[in-house]
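Q: Heads up: the sequence shown is residues -24 to -1, 1 to 87, going by mature numbering (1 follows the signal peptide of the UniProt record, and there is no 0). We treat Cβ as the ideally placed atom computed from N, Cα and C, and that holds for glycine. First the structure, which I've put down as structure tokens, then a few questions once you've had a look.
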Amino acid sequence: MCHSMVKLVFILLFSCSLLQTSEQQRYTPNWESLDTRPLPKWYDESKIGIFIHWGLYSVPAMSSEWMWWNWKGTDPSPTLVDYMNKNYPPDWTYANFGPQFRADLYSENYS
């Protein structure tokens, strides 16, 4: 009895998923097709936040948040090491970027 019930539930769920799939509109991988998608009603009424990861690595503007690891880690990036050697003194450390990390042009009201 239990086995047949599981089978029945599986068949019902599978059938419902087929119905759902067949009703969905198909889009092609281009902007014209994707722009025809209707937006959900809540979308225009809600606030959407974006988290931006911003740190000392943005001072030299040469790498991602893995900048220190790509510079001083076990397998340094030759491009980054070369950049640092050409643009900073030999005794330069990651902490030296601290005083240069400023948000002079930042505006919380920028829109």
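Can you give the Cα-Cα distance for Thr4 and Leu10, rounded to whole angstroms?
A: Along the sequence shown, read from residue 1 onward, the residue named residue 4 stands at position 28. Along the sequence shown, read from residue 1 onward, the residue named residue 10 stands at position 34. Straight-line Cα distance between these residues: approximately 7 angstroms.
Q: So, is Tyr82 buried or exposed, given that buried needs 16 or more other C-beta atoms within 10 angstroms?
A: Sequence index remark: in the sequence shown, residue 82 carries index 106 (1-based). Tyr82 is exposed by the Cβ-count criterion.
Q: Are at least three pairs of beta-carbons, each pair with one atom in the region 68 to 75 and one in the region 27 to 35, less than 8 angstroms apart?
A: As far as the Cβ criterion goes, the region 68 to 75 touches the region 27 to 35, which means the pair count is three or higher.
Q: Reducing DSSP to helix, strand and coil, say where Thr55 ends up.
A: Looking up residue 55 in the sequence shown gives position 79. Residue state, collapsed to three classes: helix.
Q: Is Thr69 buried or exposed, if buried means 16 or more other CB atoms sit within 10 Å of its CB?
A: For the purposes of this step, residue 69 is taken as the residue at position 93 of the sequence shown. So Thr69 counts as exposed.
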